[in-house]
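Colleague: Attaching a single structure in structure tokens format; questions to follow.
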Amino acid sequence: MPQPKSVKIAGVEIKEVQDVSLSVSTPVGSRGDYEGRTTAPTLRLVRRARNTPTKAMFENATNKDGRQNYITGTVVLQNNKLEETFTIEIKSGFIAGWEFEQPPGDDHLSEIITIKIGEMDLKGGGGSKSFKMPEWLRA
Numbered sequence: 027m028p029q030p031k032s033v034k035i036a037g038v039e040i041k042e043v044q045d046v047s048l049s050v051s052t053p054v055g056s057r058g059d060y061e062g063r064t065t066a067p068t069l070r071l072v073r074r075a076r077n078t079p080t081k082a083m084f085e086n087a088t089n090k091d092g093r094q095n096y097i098t099g100t101v102v103l104q105n106n107k108l109e110e111t112f113t114i115e116i117k118s119g120f121i122a123g124w125e126f127e128q129p130p131g132d133d134h135l136s137e138i139i140t141i142k143i144g145e146m147d148l149k150g151g152g153g154s155k156s157f158k159m160p161e162w163l164r165a
């Protein structure tokens, strides 16, 4: 499985990203019908941290001084032939989670970055689709 071609979050190029997942969910009622608004998409990045976590991501996850810190970013994915397939452009989001761990039996560390996205574009196959939560960035 190929690694992402490039990942840039909050102006920082993140190397050694091994896994990218994007999930979007809409609440469903007990009868299986629509029940509420689509929630903010969640982007999860897993990188091989070797011996060094991405300090800038930790700083963004802690929001520096506790205030909300909105970020932008771009994730470019590729297939087995190393051809670009999809691009996720984050226009507004925040780091909702930052984990740093050493899996059992592994000499290297893993860093997991979870980003909640309020506005984004998903591009691929010659087209694109935008998503924006109407209530995003409202005080």
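Numbering (my numbering), first residue to last: 27 to 165.
A virtual CB, placed ideally from N, CA and C, is assigned to each residue, including glycine.
All of these numbers come straight from a predicted model, not from anything done at the bench.
Once DSSP output is grouped into helix, strand and coil, what is the label at Lys81?
Modeller: Looking up residue 81 in the sequence shown gives position 55. Residue state, collapsed to three classes: helix.
Colleague: Smallest Cα separation from Gly144: which of Leu135, Glu161, Lys155?
Modeller: As a position in the sequence shown, residue 144 is number 118, starting the count at 1. Out of Leu135, Glu161, Lys155, Glu161 has the C-alpha closest to the C-alpha of Gly144.
Colleague: Please list, in chain order, all residues of the same chain as Ser154 whose beta carbon is under 7 Å from its beta carbon, the five residues on each side excluded.
Modeller: For this step, residue 154 is matched to residue 128 along the sequence shown. Cβ within range, chain order: Asp147, Leu148.
Colleague: First and last residue of the beta strand (DSSP E) that includes Val170?
Modeller: Nothing in the structure corresponds to residue 170, since the chain is present only between 27 and 165.
Colleague: Take Val102 and list the residues in its own chain whose beta-carbon comes closer than 7 Å to its own, dropping the five residues that flank it on each side.
Modeller: Counting from one through the sequence shown, the residue named residue 102 turns up at place 76. Counting only Cβ-Cβ distances below 7 Å, and skipping sequence neighbours, we find Pro30, Lys31, Ser32, Glu110, Thr113.
Colleague: Run through DSSP, which three-state label would Ala75 get?
Modeller: The count along the sequence shown starts at 1 and reaches residue 75 at position 49. Three-state result, Ala75: strand.
Colleague: Straight-line CA distance for Phe126 to Arg76?
Modeller: What you label residue 126 is simply residue 100 of the sequence shown in a count that begins at 1. What you label residue 76 is simply residue 50 of the sequence shown in a count that begins at 1. When rounded, the distance between both Cα atoms is 11 Å.
Colleague: Quick one: measure Cβ to Cβ for Pro53 and Glu61, integer angstroms, because I've assumed they're closer than 8 Å.
Modeller: Sequence index remark: in the sequence shown, residue 53 carries index 27 (1-based). Sequence index remark: in the sequence shown, residue 61 carries index 35 (1-based). Right, the Cβ-Cβ distance comes to about 5 Å (below 8 Å), so this counts as a contact.
Colleague: With DSSP run on the structure shown, which of helix, strand or coil describes Ala36?
Modeller: Position 10 of the sequence shown holds residue 36. Correct three-state label for Ala36: coil.
Colleague: Using DSSP bridges, identify the partner residues of Val43.
Modeller: Taking the first residue of the sequence shown as position 1, residue 43 is located at position 17. For Val43, the pairing in a beta bridge is given by DSSP as Arg73.
Colleague: Could you name the residues of the same chain whose beta carbon sits closer than 8 Å to that of Ala165, not counting the 5 residues immediately before and after it, in chain order?
Modeller: As a working note, residue 165 is residue 139 in the sequence shown. Per-residue confidence for Ala165 stands at a pLDDT of 46, beneath the threshold of 50, marking its modelled position as unreliable; the derived number appears in the next sentence. Excluding residues within five positions, none has a Cβ falling inside 8 Å.
Colleague: Could you tell me whether the Cβ atoms of Asn86 and Ala36 are closer together than 8 Å?
Modeller: Counting from one through the sequence shown, the residue named residue 86 turns up at place 60. Counting from one through the sequence shown, the residue named residue 36 turns up at place 10. Yes, the pair counts as a contact, with Cβ atoms nearer than the cut-off.
Colleague: If we ignore side chains and look at the alpha-carbon of each, how far apart do Pro130 and Ser136 end up?
Modeller: Here residue 130 refers to the residue found at position 104 of the sequence shown. Here residue 136 refers to the residue found at position 110 of the sequence shown. Going by the C-alpha atoms only, they are around 11 Å apart.
Colleague: Taking the alpha-carbon of Tyr96 as reference, which of Ile141, Lys107, Thr65 has the nearest alpha-carbon?
Modeller: Taking the first residue of the sequence shown as position 1, residue 96 is located at position 70. When only C-alpha atoms are compared, the closest one is Ile141.
Colleague: Are the beta-carbon atoms of Ser9 and Leu163 separated by less than 8 Å?
Modeller: Here the chain covers residues 27 to 165 and nothing more, so residue 9 does not appear.
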